[in-house]
Amino acid sequence: MGKQFAEIDDATRAFIEQQKVFFVGTAGPEGRVNVSPKGLDTFRVLGPNRVAWLNLTGSGNETAAHLLEQNRITIMFCAFEGKPNILRLYGTAAVHHPRDAEWNALLPLFPDLAGARQVFVVDVDLVTSSCGMAVPFMAYESAREDLTQSWERKGPEAVETYWAQRNTQSLDGKPTGI
449 MGKQFAEIDD ATRAFIEQQK VFFVGTAGPE GRVNVSPKGL DTFRVLGPNR
499 VAWLNLTGSG NETAAHLLEQ NRITIMFCAF EGKPNILRLY GTAAVHHPRD
549 AEWNALLPLF PDLAGARQVF VVDVDLVTSS CGMAVPFMAY ESAREDLTQS
599 WERKGPEAVE TYWAQRNTQS LDGKPTGI
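So the mapping is simple: my numbering equals the position in the sequence shown, first residue as 1, plus 448.
Put into structure tokens, the structure is as follows:
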């Protein structure tokens, strides 16, 4: 049976910090629902009701577009090792771009990763856990660094060009804020 909590406690924080992957779910009022896998060292618990993650440049920018239209988000973690557990964080999010004043305060929370595109800060209003007994065991081998290595080789100008060409609109043609 699932449990509900009003905030992220120490045990929940420890679970989050052990995970190598998390999933972000968003949707606008119409159009496609998006679920995005995230990895690397890009997630931080800022407090009992606040988290942040560094979003890297990728093929789409659905999360940002959805949040401009409908400010709701779910973040999910699954235990692929150890005790079964699925954890979800529900809330609302703010998107911070390199041009925003908050960017300079948030960016030092994360490692220097090429292709950093946005920092999402989520105000968490509900934390839930469920059993996860059907989630398979999977062994972690290493982080995939292909994305950041690619942007390191190409350089900052190529990142900004890519944003302009590929990240300004969602799949549904909605603006992303870039």
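Even for Gly, the Cβ is constructed at its ideal location relative to N, Cα and C.
Given the structure is predicted, the values throughout are model-derived calculations rather than measurements.
Helix, strand or coil: how does DSSP classify D594 here?
-> helix
Three-state class that DSSP yields for L488 in the structure shown | coil
With a 10 Å radius around its C-beta and 16 neighbouring C-beta atoms as the bar for buried, classify E529 as buried or exposed.
-> exposed
What number of angstroms, rounded off, separates the C-alpha of F491 from the C-alpha of K451?
-> 23 Å
Considering only residues of the same chain and omitting the five flanking positions on each side of D489, which have a CB-CB separation below 6 Å?
-> P559
Please confirm if the stretch 514-531 is in contact with the stretch 463-474, defined as three or more CB-CB distances below 8 Å between the two stretches.
-> yes
Indicate whether V680 and G539 have their beta-carbon atoms separated by less than 7 Å.
-> Residue 680 falls outside the range modelled here, since the chain spans only 449 to 626, and no answer is possible.
Alpha carbon of G621 to alpha carbon of T505, nearest angstrom = 18 Å
Can you name, in chain order, every residue of its own chain whose Cβ lies under 7 Å from the Cβ of Q566, other than the five neighbours on each side?
-> N503, A512, V543, H544 and H545
Segment limits, alpha helix (DSSP H) that includes V583 | It is not in any alpha helix (DSSP H) - V583 carries neither H nor E in the DSSP assignment.
Is the beta carbon of P496 less than 7 Å from the beta carbon of E455?
-> yes
Please go through the same chain and pick out, in chain order, the residues whose beta-carbon is closer than 7 Å to the beta-carbon of G563, but skip the five residues on each side of it.
-> L504, T505, L595, T596, W599 and V607
With distances taken Cα to Cα, identify the nearest neighbour of V572 among N552, W611, L535 and V583.
-> L535
Would you give the residue range spanned by the beta strand (DSSP E) that F568 belongs to?
-> A564 to S578
Could you spell out the range, first to last residue, of the beta strand (DSSP E) harbouring V472?
-> F470 to A475
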